[in-house]
Each structure stands twice: as structure tokens, then as C-alpha cells.
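Protein chains in written order, with our numbering: chain A, 3 to 118; chain B, 2 to 114.
Written out as C-alpha cells, the structure reads:
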């Protein structure tokens, strides 16, 4: 069974850093792209970027380039989404999803709340 | 970027009736060399992640009820839900994977009339 399990909800202050994770199992993790998708409160879905864990090839959406960093540790089947300095506007639900052209399996989501 | 526009934004349909959601892309998502439309549909229920319903514009995922169907080609696509059930209340999104950045429609909120 394909599973993507994300790290838990986070509450942070503006300016703080944060790294959230997504651990895959049940398939060949290293040889399949994983994407990150943002959903701001009450809003739609936005693709942020994707990573190929085997060689850490990364594609960013221009909207998120330089805003976040995507990385992977293939030894533990995990991909990460990192912010160096959070803003209130980063408050959102973040999903990881397996990318087989389309997003066929999704993590449960990580809610990030940024508030002073 | 390829812009995806869905219509309508909100849709109320009676139980047992048909729901039709449209999705239009700003450029064709049909890849000529393999004759495939790089278009998918997702269902998102409150408090849940999106769920893939349809890929390649018309290929229903395993386990998805056959009352869900996708059609269209090029720039115009449709998700049809026949015999609407109470559990189909959700927001539905189309998405193109023809070209990065991958983009989604704004969503269609489907309710029971």
C-alpha cells in the first residue's frame, strides 16, 4: 500500500525557520517524483515544486522559487519542505503528493500557522 | 503558465441527478505525439487531502465509482457525475500536468440541492 505520512502541525512566529517532512512507503520511493502543494485557508491548490529523491533533481514553481527549499533524504524515504524565515502569509495546509505525471497519492497534510 | 478555469464555481444538484463541471485550459494540454491529454480531476472533501479521480482526461482511477466520468480534449474538459450521491459533496479541481508549473483550476463547490 502506498502511503505518504507527513509531520505534524506547526505553530511558528514570523521570522522563524521550519522544516516539515513527508515519508513515503509501499513503492519505489527513490524513483518517483514527489511534489509539494499549498492550500491557503479557504483557497485552492497550488503546486510549489517537486523533487526526484534518487538524485535530488528539483523543479520549483516560479511563484515559490527562493521562498522555500525542497530536499530529500533517500536513505530514509523522506522529502522535506523548508522555510528559512516564515511570514504570516505562509499560513496554510501543505500536502506532499506522489507525482506520476498526475498526483496519485497524497499525504494527510501539515497545517502550518504563522502568527505573532 | 497554463491557466485553468473551471465553471461553475458553485453547483447545487439534487440527489440522483447529474452534475457537470467544466474546465478550460488557456492552451492545449493534448500531447500530439502520444495523443494524450495531460489533465486530471481531483475530489476534496472537508478536512481531507485531495483524491485523484480521473487521469489522462478520461481514465478513472481504480476504486472510483463508475458514476464519475471525464471527457474532452485539447482545451475543454468535463467531469460528469451521474446519479449524484450525498457522499459526492466536495470541491472538485481540474489540473494540467502538460507543462510546469503544474496548475489547478480554482475549484467547483458541489452541494446537494
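Ideal placement from N, C-alpha and C gives every residue a C-beta, glycine not left out. Computed from a predicted model, the values in this text were never measured in an experiment.
Do you know whose CA, among the options, lies nearest residue i's CA?
i: residue 102 of chain A; options: B:107, B:77 and B:55; result: B:55
i: residue 73 of chain B; options: B:48, B:66 and B:59; result: B:59
i: residue 19 of chain B; options: B:68, B:96, B:107 and B:105; result: B:68
i: residue 112 of chain A; options: A:31, A:118 and A:82; result: A:82
i: residue 118 of chain A; options: A:37, A:90, A:49 and A:84; result: A:90
i: residue 92 of chain B; options: B:57, B:102 and B:106; result: B:106
What are the residues that DSSP puts in a beta bridge with residue i?
i: residue 47 of chain A; result: A:41
i: residue 61 of chain A; result: A:52
i: residue 43 of chain B; result: B:53 and B:94
i: residue 84 of chain A; result: A:21 and A:71
Could you check the C-alpha separation between residue i and residue j for me, to the nearest Å?
i: residue 6 of chain B; j: residue 100 of chain B; result: 16 Å
i: residue 94 of chain B; j: residue 67 of chain A; result: 24 Å
i: residue 83 of chain B; j: residue 33 of chain B; result: 30 Å
i: residue 73 of chain A; j: residue 61 of chain A; result: 11 Å
i: residue 93 of chain A; j: residue 45 of chain A; result: 12 Å
i: residue 63 of chain B; j: residue 14 of chain B; result: 25 Å
i: residue 111 of chain B; j: residue 44 of chain B; result: 10 Å
i: residue 106 of chain A; j: residue 17 of chain A; result: 34 Å
i: residue 110 of chain A; j: residue 49 of chain B; result: 7 Å
i: residue 35 of chain A; j: residue 79 of chain A; result: 12 Å
i: residue 49 of chain A; j: residue 21 of chain B; result: 25 Å
i: residue 40 of chain A; j: residue 9 of chain A; result: 15 Å
i: residue 126 of chain A; j: residue 53 of chain A; result: Limits of chain A in this structure are 3 at one end and 118 at the other, which puts residue 126 of chain A out of reach.
i: residue 70 of chain B; j: residue 86 of chain A; result: 43 Å
i: residue 96 of chain A; j: residue 23 of chain A; result: 10 Å
i: residue 2 of chain A; j: residue 114 of chain A; result: The requested residue 2 of chain A does not occur in the structure, where chain A is confined to residues 3 to 118.
How is residue i classed by DSSP in three states: helix, strand or coil?
i: residue 110 of chain B; result: strand
i: residue 75 of chain A; result: strand
i: residue 93 of chain A; result: coil
i: residue 105 of chain A; result: strand
i: residue 69 of chain B; result: strand
i: residue 2 of chain B; result: coil
i: residue 89 of chain B; result: helix
i: residue 36 of chain B; result: coil
i: residue 32 of chain A; result: helix
i: residue 77 of chain B; result: strand
i: residue 3 of chain A; result: coil
i: residue 62 of chain B; result: coil
i: residue 100 of chain A; result: strand
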